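Novice: Would you mind keeping the following structure in view while I ask a few things?
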């Protein structure tokens, strides 16, 4: 929440680690000037059984914005650095893996913000980004991928994947090997968690799920140890376990 002495736009926010001097990265997700802001902070280390302290500073009227998503997360893209109506392929590490029929994988402007628009008239359109290096998942180190999505008609679906290969599976919408969450909610169809190993699919429990078209939802897919879980607007929708994979190289 806004506090007296802050800049109205929160540009003067700064964070340090517990030593009170080492600056740590942060990103302002949303804000209402002089009211409130939602901020993500890259805490250097955390212990499950011991409290971790960080410090927030403000009050410098001459400070410029320090919010930086690319520095705060292992991977970040809000698509604002790309030209509207351009192909996403070959920009920022993105590769268009497949385009379904007359569909597209382009940067489009919507609600005064750039979006990645994936559309299809037959099989799915998909894109991946391999600018993250190789990540290893353990019982104490997990990862989450999060997006804001909206669908323009009730027949649309979307998926998010931790991929191990850049070659798409025969269905085109997924890597040949990886863990993914597939959202079919807008048509009242089923939502599920999937694992593909060399093109062979194993599914978690199907969950009936509906949504409203042209409405933004926050989709989160978490992978910790052998546990996979999918959330919409911070509500757990479905989960499963799978021990066949422990690394990913692209999203």
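In this note's numbering, the protein residues as written are 97 to 347. Positions of the beta carbon are idealized from the N, C-alpha and C atoms, including for glycine. Since we're looking at a predicted model, the values are computed, not measured.
I'd like to check one pair, residue 109 with residue 98: are the Cβ atoms closer than 8 Å?
Specialist: Position 2 of the chain shown, counted from the start, is the residue given in the question as residue 98. Position 13 of the chain shown, counted from the start, is the residue given in the question as residue 109. Not a contact, by the Cβ cut-off of 8 Å.
Novice: Pair every Cβ in the stretch 186-201 with every Cβ in the stretch 211-222, then say whether three or more of these pairs are closer than 8 Å.
Specialist: Yes: at least three Cβ pairs fall under 8 Å.
Novice: Can you list the beta strand (DSSP E) stretches of 3 or more residues lying completely in the stretch 145-181, in chain order?
Specialist: With a minimum length of 3 residues, the continuous beta strand (DSSP E) runs that stay inside the stretch 145-181 are 151-153.
Novice: Report the three-state DSSP secondary structure of residue 312 (helix, strand or coil).
Specialist: In the chain shown, counting from the first residue as 1, residue 312 sits at position 216. Note: residue 312 maps to coil in three-state DSSP.
Novice: Going by alpha carbons, who is nearest to residue 126 out of 288, 159, 156 and 164?
Specialist: Counting from one through the chain shown, the residue named residue 126 turns up at place 30. Residue 126 has its Cα closest to that of 164, out of 288, 159, 156 and 164.
Novice: Go ahead and pull the three-state DSSP assignment for residue 130.
Specialist: Taking the chain shown and counting its residues from 1, one reaches residue 130 at position 34. Looking at residue 130 - three-state DSSP - the assignment turns out to be coil, as it is neither helix nor strand.
Novice: Return the chain-ordered list of same chain residues with a C-beta closer than 7 Å to the C-beta of residue 340, the five sequence neighbours on each side being excluded.
Specialist: As a working mapping, residue 340 is identified with position 244 in the chain shown. Result list for residue 340: 291 and 293, in chain order.
Novice: Please state the DSSP three-state secondary structure of residue 317.
Specialist: Counting from 1 along the chain shown, the entry for residue 317 is found at position 221. Residue 317 falls in the strand class under three-state DSSP.
Novice: Tell me the rounded alpha-carbon separation between residue 186 and residue 227.
Specialist: Looking up residue 186 in the chain shown gives position 90. Looking up residue 227 in the chain shown gives position 131. Going from the Cα of residue 186 to the Cα of residue 227 covers about 12 Å.
Novice: Report the rounded CA-to-CA distance for residue 280 versus residue 325, giving the unit in angstroms.
Specialist: On the chain shown, residue 280 is found 184 positions in, with the first residue counted as 1. On the chain shown, residue 325 is found 229 positions in, with the first residue counted as 1. Each residue's Cα considered, the two are about 16 Å apart.
Novice: Kindly identify the DSSP beta-bridge partner or partners of residue 347.
Specialist: Against the chain shown, residue 347 aligns to sequence position 251. The partner list for residue 347 (beta bridge, DSSP) is empty, contrary to what the question assumes.
Novice: If you reduce the DSSP assignment to three classes, tell me which class residue 215 lands in.
Specialist: Translated into the one-based positions of the chain shown, residue 215 becomes position 119. Of the three classes helix, strand and coil, the one that applies to residue 215 here is strand, per DSSP.
Novice: By the three-class DSSP mapping on this structure, what secondary structure does residue 269 have?
Specialist: On the chain shown, position 173 is the one that residue 269 refers to. Looking at residue 269 - three-state DSSP - the assignment turns out to be coil, as it is neither helix nor strand.
Novice: Could you please give the first and the last residue of the uninterrupted beta strand (DSSP E) stretch that includes residue 112?
Specialist: As a working mapping, residue 112 is identified with position 16 in the chain shown. 110-112 is the span of the beta strand (DSSP E), which, as asked, contains residue 112.
Novice: According to DSSP, what are the bridge partners of residue 264?
Specialist: Within the chain shown, residue 264 is the residue found at index 168, counting from 1. Answer is 271.
Novice: Below 8 Å between beta carbons: does that hold for residue 225 and residue 346?
Specialist: Along the chain shown, read from residue 1 onward, the residue named residue 225 stands at position 129. Along the chain shown, read from residue 1 onward, the residue named residue 346 stands at position 250. In contact: residue 225 and residue 346 (Cβ atoms closer than 8 Å).
Novice: What's the gap between the Cα of residue 145 and the Cα of residue 139?
Specialist: Along the chain shown, read from residue 1 onward, the residue named residue 145 stands at position 49. Along the chain shown, read from residue 1 onward, the residue named residue 139 stands at position 43. Near 16 Å, if we compare the C-alpha coordinates of residue 139 and residue 145.
Novice: Pick out whichever of 181, 210 and 311 has its Cα sitting closest to the Cα of residue 200.
Specialist: Position 104 of the chain shown, counting from 1, holds the residue named residue 200. Minimum Cα distance to residue 200 is reached at 181.
Novice: Pick from 307, 314, 278 and 273: whose alpha carbon is nearest that of residue 335?
Specialist: As a position in the chain shown, residue 335 is number 239, starting the count at 1. Selected option, being the one with the closest Cα: 278.
Novice: Smallest Cα separation from residue 245: which of 175, 238, 254 and 188?
Specialist: To locate residue 245, count along the chain shown from 1; it is residue 149. Minimum Cα distance to residue 245 is reached at 254.
Novice: Among 210, 183, 114 and 240, which residue has its Cα nearest to the Cα of residue 327?
Specialist: On the chain shown, position 231 is the one that residue 327 refers to. Nearest option by C-alpha distance: 240.
Novice: From residue 382 to residue 301, what distance separates their C-alpha atoms?
Specialist: Since the first residue shown for the chain is 97 and the last is 347, residue 382 is missing from the structure and cannot be characterised.
Novice: Using 8 Å for Cβ pairs, my map puts residue 168 next to residue 136. What's the rounded Cβ distance?
Specialist: As a first step, residue 168 must be located in the chain shown, where it is residue number 72. As a first step, residue 136 must be located in the chain shown, where it is residue number 40. Indeed they touch by this definition, with Cβ atoms about 6 Å apart.
Novice: Nearest CA to the CA of residue 303: which residue from 322, 342 and 289?
Specialist: By one-based count along the chain shown, residue 303 stands at place 207. Checking every option, the nearest Cα to that of residue 303 belongs to 289.
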